[in-house]
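Protein chains in written order, with our numbering: chain S, 29 to 423; chain X, 29 to 423. Yeah, the Cβ is synthetic: ideal placement off N, Cα and C, and Gly gets one too. Bear in mind the structure is a predicted one, so any value in this text is a computation, not a measurement.
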């Protein structure tokens, strides 16, 4: 059968995640993997989870396995609302924060509408944006606030000249994926002011916000304009990704569209998992566990930074993330991280080429390194091996 | 803020599930609820589930809470493939079978494309189809096979005359939601032949197939043309809906589009839940439990049928389902089940008006009754009350 004429136009814009394709081909435990954004399995408190699950069965019995409300079970919505100091009417539980990104795009974007984002930006978001045929404009960071603002203004002026509409700005203000960098309060204020001036929304994606290893928390963009910013959160990095649970916080009028959309997407988030997350959160177990995760990841980040300092060849630079799971490496101009990848994988080291995170396919000489997944020992061996490979290539 | 200009065109076609809106407003346990498609909570084997969960933690440890493959965990894909006798390459695990419907629509439908379906048909599917701005044509069942075929041919001829394309036929061949009726083998063959003749696909939705209380299994439409039919299954009715797990079985070329779409939708189905379902299936516990569910539901169906016979006024007819969770009531021509609903709910009985299941808003004098959710005692009281209300209205 010839299926080529069968598919929708959207399918023509689908593209495969290069990260997920890597995972299909190699056993992550058999190589040194700086690829992926996997939390360390050590951070999953197995016995506490087992206990909580049993408690949920005792407490909710059949209700824990029945259908539930599309907005999420009341207990989890309430727990999220209290944790982040927002009214419960503003909380929608999502079946993963990836779904939060996807459903925002679905309810906001017509083909050709413009989404502004950082350059580089999160690959899963770019995938989702492209799948709805959005026109993605990535804007590089600039240390100079006024110059940064002007690059945004220039892109917005272009978009208007083309007769197109900026629908929203997508940002990960804390410990960005892939760069590991954060936006200052002034930068957040500047972007919110831009959104107000040009009347677009902001989707603030915050999966890493609570994984801070140094410095002070910076206010969320949501707190700067709660009616204009949709704030997305995730249990994947503060609890466990296997539950596929996240949340969206937004004005009830926006949330209502997301709610109706979710009815036909999947009816409701997984019920048992929601009760487990709610119990874990409200019992204080989540915060207790998060403390250990932060300690563990801080140690891994410090280790990676010192190893890079010690082993990387001249001409390689990297970011210094204050939190999160990633840092970003920049090699000399003529380096090609996509081409280098096969060599690296053959030698046993995986990373993700930075190009994939750039909507404009720039960043050929960059790569993302994850420091949460591997043990300190394997991080050390992996960095030594990668440094040696890079030395051979660059020098 | 004025959000009215912010939303995508799709949003204009979203509509709320009247069933889910009912659930938001009333406590299902406080009324006689023939609404919804909830399994009975008695069928959730709490102690077996608790044991299985603990086993999964022992067996898979951290892996049970980590990210996983977009196609589903290999253990569950394998168990589904074996159960239904299909190659594992043809199995995609979905985060609920509602997601299966939605993702099929997403990868196949452009706005204006035609979907053929039964009239009435499943509300959640109609919601999803409308949300992608599909043109839905519902075709009523006809006992006469040739007349049934001709109604399809007539609609297809209309569609072609309008310059539109039939992309797929959506069918629930076994114990349909809402009517409870099944297609004969001849009807299935006729529909598959039509799809071959006019070159469209078939989405076969089979959540109730294993809940048969009498008669012999009829072959799936998938088995009649495995390259043209996408078969959707669900754990919601044979295990528990709270896990939000289902599967799609299809030609690898179709599955590949669904797979890439799912990457940006939600990355992967819930991992822990998948391992629990896989263990439950491969240990034989699922089949053991299913036997009890079938026995329980058969009793409830028989009870409902005999109660209707005994209490319903003249002029009310109903279907005789050989399985599933529903039967369908037809009142005299001038009865309006939507208008009657408020009166019924005030008196303490909930149902779903048949009109909502008709893409063309026909069926004003019909209603769907569920017999899985309530206890036999409450079914009996509920039927007596509903019959009395109907008598007052009709006579």
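Cβ pair residue 355 of chain X, residue 346 of chain X closer than 8 Å: The residue given as residue 355 of chain X occupies position 327 in the second chain. The residue given as residue 346 of chain X occupies position 318 in the second chain. Yes, the Cβ-Cβ distance between residue 355 of chain X and residue 346 of chain X is below 8 Å.
DSSP three-state label for residue 212 of chain X, please. Walking along the second chain from the start, residue 212 of chain X turns up at place 184. Residue 212 of chain X: coil per DSSP, three-state reduction.
Does the beta-carbon of residue 339 of chain X, which I'm using as the reference point, lie nearer than 7 Å to any heavy atom of the ligand NAD? Ligands in the displayed structure: none, and consequently the ligand NAD is not present.
Compare the beta carbon distance of residue 82 of chain S and residue 240 of chain X with 8 Å and say whether it is the shorter of the two. Stepping through the first chain from its first residue, residue 82 of chain S is reached at position 54. Stepping through the second chain from its first residue, residue 240 of chain X is reached at position 212. No, the pair does not count as a contact, with Cβ atoms beyond the cut-off.
Three-state secondary structure (DSSP) of residue 417 of chain X: Within the second chain, residue 417 of chain X is the residue found at index 389, counting from 1. The answer is helix: DSSP assigns residue 417 of chain X an H, G or I state.
Starting from residue 317 of chain S, follow the alpha helix (DSSP H) in both directions and report where the run begins and ends. The residue given as residue 317 of chain S occupies position 289 in the first chain. Note, residue 317 of chain S: alpha helix (DSSP H), 313-339.
CB contact flag (residue 324 of chain S, residue 61 of chain S, <8 Å): In the first chain, counting from the first residue as 1, residue 324 of chain S sits at position 296. In the first chain, counting from the first residue as 1, residue 61 of chain S sits at position 33. No, they are not a contact pair.
For residue 215 of chain S, count neighbouring C-beta atoms within 10 Å of its own C-beta (all shown protein chains included) and say buried if the count is 16 or more, exposed if not. Position 187 of the first chain holds residue 215 of chain S. With 16 or more other Cβ atoms within 10 Å, it is buried.
Rounded to a whole number of angstroms, what is the C-alpha to C-alpha distance between residue 304 of chain S and residue 312 of chain S? Taking the first residue of the first chain as position 1, residue 304 of chain S is located at position 276. Taking the first residue of the first chain as position 1, residue 312 of chain S is located at position 284. Looking at the two C-alpha atoms, the distance is approximately 12 Å.
Nearest-angstrom Cα separation, counted from residue 359 of chain S out to residue 424 of chain X: With chain X covering 29 to 423 only, the question about residue 424 of chain X has no answer from this structure.
Nonlocal neighbours in the same chain, by C-beta distance under 6 Å from residue 39 of chain S, ignoring five residues either side: The residue given as residue 39 of chain S occupies position 11 in the first chain. Answer for residue 39 of chain S: no residue qualifies.
Once DSSP output is grouped into helix, strand and coil, what is the label at residue 169 of chain X? Your numbering for residue 169 of chain X matches position 141 in the second chain. In this structure, residue 169 of chain X counts as coil in the three-state DSSP scheme.
With a threshold of 8 Å, are at least 3 pairs of Cβ atoms found where one atom belongs to the stretch 166-173 of chain X and the other to the stretch 48-59 of chain X? no
Assign residue 236 of chain S to one of three DSSP states: helix, strand, or coil. The count along the first chain starts at 1 and reaches residue 236 of chain S at position 208. In this structure, residue 236 of chain S counts as coil in the three-state DSSP scheme.
Terminal residues of the continuous beta strand (DSSP E) containing residue 143 of chain X? In the second chain, the residue the question calls residue 143 of chain X occupies position 115. Where residue 143 of chain X is concerned, the enclosing beta strand (DSSP E) stretches over 142-146.
Opening and closing residue of the alpha helix (DSSP H) in which residue 131 of chain X lies: To locate residue 131 of chain X, count along the second chain from 1; it is residue 103. Residues 125-136.
Beta-carbon spacing of residue 301 of chain S, residue 260 of chain S below 8 Å: Indexing the first chain from 1 puts residue 301 of chain S at position 273. Indexing the first chain from 1 puts residue 260 of chain S at position 232. No, these two residues do not count as a Cβ contact at 8 Å.
For residue 379 of chain X, the three-state DSSP class (helix, strand or coil): Within the second chain, numbered from 1, the residue matching residue 379 of chain X stands at position 351. If DSSP states are grouped into helix, strand and coil, residue 379 of chain X belongs with coil.
Per DSSP, the bridge partner or partners of residue 395 of chain S: Working through the first chain from its first residue, we reach residue 395 of chain S at position 367. Answer is S/357 and S/381, bridged to residue 395 of chain S.
Residue burial classification, residue 87 of chain X (beta-carbon count within 10 angstroms, cutoff 16): Counted from its first residue, the second chain places residue 87 of chain X at position 59. Result: exposed.
Does any C-beta atom of chain S lie closer than 8 Å to the C-beta of residue 285 of chain X? As a position in the second chain, residue 285 of chain X is number 257, starting the count at 1. So yes, residue 285 of chain X belongs to the interface.
Under 6 Å Cβ to Cβ from residue 72 of chain X, same chain only, skipping five residues before and after it: list those, please. Residue 72 of chain X sits at position 44 when you count from the first residue of the second chain. Taken in chain order, the residues that qualify are 268.
Does residue 495 of chain S pass the burial test, meaning 16 or more other C-beta atoms within 10 Å, or should it be called exposed? Any question about residue 495 of chain S goes unanswered here, given that chain S covers just 29 to 423.
7 Å Cβ shell around residue 186 of chain S - same chain, five flanking residues per side excluded: Numbered from 1 along the first chain, position 158 holds the residue referred to as residue 186 of chain S. Answer for residue 186 of chain S: no residue qualifies.
How would you call residue 32 of chain X, buried or exposed, if buried means at least 16 neighbouring beta carbons within 10 angstroms? Within the second chain, the letter at position 4 stands for residue 32 of chain X. Counting Cβ neighbours within 10 Å, residue 32 of chain X comes out exposed, since fewer than 16 surround it.
For residue 3 of chain X, which residues does DSSP report across the bridge? The question about residue 3 of chain X has no answer, for chain X in this structure spans 29 to 423.
Spatial distance of residue 400 of chain X from residue 294 of chain S (CA atoms): By 1-based counting over the second chain, the position of residue 400 of chain X is 372. By 1-based counting over the first chain, the position of residue 294 of chain S is 266. Approximately 21 Å, taken between the alpha carbons.
Would you mind reading off the limits of the beta strand (DSSP E) that contains residue 196 of chain S? Here residue 196 of chain S is taken as the residue at index 168 of the first chain, counted from 1. Residue 196 of chain S -> beta strand (DSSP E) spans 194-199.
Taking the CB atoms as reference points, tell me whether residue 220 of chain S and residue 258 of chain S lie closer together than 8 Å. As a first step, residue 220 of chain S must be located in the first chain, where it is residue number 192. As a first step, residue 258 of chain S must be located in the first chain, where it is residue number 230. No; because the gap between Cβ atoms is not below 8 Å, this pair is not in contact.
Measuring CB to CB, does residue 196 of chain X end up less than 8 Å from residue 229 of chain X? Stepping through the second chain from its first residue, residue 196 of chain X is reached at position 168. Stepping through the second chain from its first residue, residue 229 of chain X is reached at position 201. Yes, they are a contact pair.
When burial is assigned at 16 or more other CB atoms within 10 Å of the CB, is residue 178 of chain S buried or exposed? Residue mapping note: residue 178 of chain S aligns to position 150 of the first chain, counting from 1. Flag for residue 178 of chain S reads exposed.
8 Å Cβ cutoff, residue 460 of chain S in contact with chain X: Here chain S comprises residues numbered 29 to 423, so residue 460 of chain S is not present and cannot be evaluated.
Compute the Euclidean distance between the alpha carbons of residue 256 of chain X and residue 251 of chain S, then round it to the nearest angstrom. The residue you call residue 256 of chain X lines up with position 228 of the second chain. The residue you call residue 251 of chain S lines up with position 223 of the first chain. Whole-angstrom Cα-Cα distance: 51 Å.
Check residue 374 of chain S in the structure and name its three-state DSSP category. In the first chain, counting from the first residue as 1, residue 374 of chain S sits at position 346. Here residue 374 of chain S sits in helix by DSSP.
Just to confirm, is the Cβ distance from residue 131 of chain S to residue 119 of chain S under 8 Å? In the first chain, the residue the question calls residue 131 of chain S occupies position 103. In the first chain, the residue the question calls residue 119 of chain S occupies position 91. Not in contact: residue 131 of chain S and residue 119 of chain S (Cβ atoms no closer than 8 Å).
Could you pull the start and end residues of the alpha helix (DSSP H) that residue 156 of chain S belongs to? Indexing the first chain from 1 puts residue 156 of chain S at position 128. Looking at the DSSP string, the run of the alpha helix (DSSP H) that includes residue 156 of chain S is 151-159.
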